[in-house]
Amino acid sequence: NTSETNGLYFAPDGSLLACEGRAGRVTRTDPATGRIHVLADGFGGRKLAMPNDLCMDRYGRVYFTSRSSVKNPAGENSKAVYRIDVDGTVHQLLAEPQVHMPNGIVISPSGNRLYLIEAHPDENFNRRINVYDLKPDGTLHKGRTLIDFYPGRSGDGMCIDERGNLYVAAGLHATRGTSETLSTRPGIHVISPEGKLLAFRETPEDTITNCAFGGPDLHQLFVTCGSKLLRIPTKTRGFRLTSDQLLNQLGSDYRLSIAMTTKFPVRTTHGPITGRQAVRVDIDRYVRLLGPELRLYPHQLIKQSGLRKVVLCTDLKFDGQARSAIPDFEHQTLFLDVKRGASDARYQRLVIHHEFFHIVDYVDDGKLNQDAVWSRLNATKFRYGEGGRAAQ
Numbered sequence: 021n022t023s024e025t026n027g028l029y030f031a032p033d034g035s036l037l038a039c040e041g042r043a044g045r046v047t048r049t050d051p052a053t054g055r056i057h058v059l060a061d062g063f064g065g066r067k068l069a070m071p072n073d074l075c076m077d078r079y080g081r082v083y084f085t086s087r088s089s090v091k092n093p094a095g096e097n098s099k100a101v102y103r104i105d106v107d108g109t110v111h112q113l114l115a116e117p118q119v120h121m122p123n124g125i126v127i128s129p130s131g132n133r134l135y136l137i138e139a140h141p142d143e144n145f146n147r148r149i150n151v152y153d154l155k156p157d158g159t160l161h162k163g164r165t166l167i168d169f170y171p172g173r174s175g176d177g178m179c180i181d182e183r184g185n186l187y188v189a190a191g192l193h194a195t196r197g198t199s200e201t202l203s204t205r206p207g208i209h210v211i212s213p214e215g216k217l218l219a220f221r222e223t224p225e226d227t228i229t230n231c232a233f234g235g236p237d238l239h240q241l242f243v244t245c246g247s248k249l250l251r252i253p254t255k256t257r258g259f260r261l262t263s264d265q266l267l268n269q270l271g272s273d274y275r276l277s278i279a280m281t282t283k284f285p286v287r288t289t290h291g292p293i294t295g296r297q298a299v300r301v302d303i304d305r306y307v308r309l310l311g312p313e314l315r316l317y318p319h320q321l322i323k324q325s326g327l328r329k330v331v332l333c334t335d336l337k338f339d340g341q342a343r344s345a346i347p348d349f350e351h352q353t354l355f356l357d358v359k360r361g362a363s364d365a366r367y368q369r370l371v372i373h374h375e376f377f378h379i380v381d382y383v384d385d386g387k388l389n390q391d392a393v394w395s396r397l398n399a400t401k402f403r404y405g406e407g408g409r410a411a412q
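When we follow the numbering used here, the leftmost residue of the sequence shown carries the number 21, and every step to the right adds one.
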């Protein structure tokens, strides 16, 4: 039972994000365990109508569209665009009449543009692709039309390549009882960031609905149309958000070097720090946890702490003893073991805040070793006196 799931998105950590239309929710599924976590199922005290498509930005925030439900459109949040922050807060970015029927949604490789398809089948409603400036805080500005499909059938789903070109599934072979004409050719429309049609590939039957890059090198475009699943080779590589890009954005925001490799052992006055390079799957999973926790700290506090580098590794030891994390005050570096305690996300969060607490406290010569003072400096719920001592 897929609950009429439509939009799907593989996050950098390998989990699968999904818009479950009939259930009226956005979920994250762990492919290893099959466990489903609900990211959003309402806004402003009302249920979501029919979540349709989604994407993610370099900060780990999820953007999704929602269409009308035939059950109770007056009592639901329909025809809108939302953002889910890393702390789970849901924000409504656009709603009717700003948008008529939001559908496909993608973010540019640069992270500073958001593209949105409007696909209302009724006469005198929007059938176009809009582009918005996407700010670092996740807000949208300066919305404008990139390309207008009216009176033909608008786009449905779309994806984007590494150069920022859109691949849009649009058009019809035959009318279908709506006001949509056949002026939009049925197939994949390749559109530049400036709104120029670069290429077109016709598809064999109605109705073309979506497309996505895949294959080992992202040089294959997979297309759904009617009863068929097509595979089309492409010259340009598709774009997919990676954990490296999430780390680079995090490091850039906080002026930190976030490394996945380093030369061990690291010599300190009190003993050697040793470890091994972590495997990709463990790093990808840990990045989803690290980013939201680190962003709870003000930039100024990170700067004052003197922290310069974060090293993600495994088999971390200090003077031969296994550790989950090690603050290296001499080199202004925080070492984090991405594998130790991996089955307990709460424990790993405690570890991050416990060790950063010590880094800040060390620089401040012990004056911050009080929960009352610490709580005024950042938005974390970590308290050293309430279990933090166990995070070793």
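In this text, a Cβ means the ideal position worked out from N, Cα and C, and glycines have one as well.
Return the chain-ordered list of same chain residues with a C-beta closer than 6 angstroms to the C-beta of residue i, the five sequence neighbours on each side being excluded.
i, result
"A38", "T25, L28, T47"
"V210", "N185, Y187, L218, A219"
"A115", "A100"
"R45", "V58, D61"
"G158", "R81, R103"
Can you list, in chain order, the residues of its chain with a C-beta nearer than 7 angstroms to that of residue i? Leave out the 5 residues immediately preceding and following it.
i, result
"G80", "V106, L266, R308, G311, P312"
"E143", "S199"
"G124", "D73, I137, G175, D176, G177, M178"
"D234", "This sequence places Gly at residue 234; Asp is not what is there. Counting only Cβ-Cβ distances below 7 angstroms, and skipping sequence neighbours, we find Q240, F242."
"R205", "G191, F220, E222"
"F63", "N97, Y102, V110, Q112"
"A232", "C179, F242"
For residue i, report the span of its beta strand (DSSP E) as first-last.
i, result
"H374", "Element bounds for H374: not the beta strand (DSSP E) but the alpha helix (DSSP H), 365–383."
"K329", "329–338"
"A345", "345–348"
"S395", "Run containing S395: none in the beta strand (DSSP E); it sits in the alpha helix (DSSP H), 391–395."
"V151", "147–154"
"L202", "Run containing L202: none; DSSP gives neither H nor E here."
"D176", "175–180"
"K255", "Note, K255: premise wrong, no beta strand (DSSP E); not H, not E."
"F233", "228–234"
"M70", "70–76"
"D168", "160–168"
"G124", "122–127"
"V119", "Run containing V119: none; DSSP gives neither H nor E here."
Using the C-alpha atoms, what's the distance from residue j back to residue i?
i, j, result
"N21", "T244", "20 angstroms"
"L160", "K99", "17 angstroms"
"R396", "L316", "12 angstroms"
"T400", "V151", "35 angstroms"
"M178", "G207", "11 angstroms"
"T353", "T227", "55 angstroms"
"H368", "K323", "According to the sequence displayed, residue 368 carries Gln and not His. Cα-Cα distance, rounded: 23 angstroms."
"I303", "M280", "8 angstroms"
"L74", "R103", "9 angstroms"
"T254", "H378", "51 angstroms"
"D77", "T109", "15 angstroms"
"S263", "A298", "13 angstroms"
"Q412", "L250", "Because the pLDDT at Q412 is just 44, under 50, the model does not fix this residue reliably, and the value given afterwards should be weighed accordingly. Using only the alpha carbons, I get a separation of about 52 angstroms."
"M121", "S212", "23 angstroms"
"T334", "S363", "14 angstroms"
"G41", "N268", "33 angstroms"
"R275", "L192", "50 angstroms"
"L270", "I252", "35 angstroms"
"A69", "G197", "24 angstroms"
"R148", "L332", "44 angstroms"
"L370", "A194", "59 angstroms"
"T85", "Y382", "46 angstroms"
"G246", "N230", "11 angstroms"
Could you tell me how far apart the beta carbons of residue i and residue j are, in whole angstroms, since I believe they sit closer than 8 angstroms?
i, j, result
"A190", "D181", "Between D181 and A190 the Cβ distance is about 17 angstroms, and since that is not below 8 angstroms, they are no contact."
"I127", "L136", "That pair is no contact at about 10 angstroms."
"K248", "P285", "K248 to P285, Cβ: 57 angstroms. No contact."
"E350", "T256", "Rounded, the Cβ-Cβ distance is 47 angstroms, inconsistent with contact."
"L154", "G131", "7 angstroms"
"D33", "R305", "5 angstroms"
"Y404", "D384", "14 angstroms between Cβ atoms; not a contact."
"K329", "S277", "4 angstroms"
"P129", "F259", "5 angstroms"
Please work out which residues of its chain come closer than 8 angstroms, Cβ to Cβ, to residue i, disregarding the five sequence neighbours upstream and downstream, and give them in chain order.
i, result
"L336", "I293, T294, G295, A342, R343, S344, A345, I346, F355, L356, D357, R360"
"S35", "R48, T49, D50, P51, R308"
Provide the residue span of the alpha helix (DSSP H) that contains residue i, from first to last.
i, result
"R300", "300–314"
"H319", "319–325"
"G271", "263–274"
If you measure from the beta carbon of residue i to each beta carbon in chain B, is any gap under 8 angstroms?
i, result
"F220", "No chain B is present in this structure, which holds just one protein chain."
**Prompt:** For the stretch 156–173 against the stretch 237–245, are there 3 or more C-beta pairs whose distance is under 8 angstroms?
**Reply:** no
**Message:** Assess contact between the stretch 217–231 and the stretch 280–293, defined as three or more Cβ pairs (one per stretch) separated by less than 8 angstroms. Is contact present?
**Reply:** no
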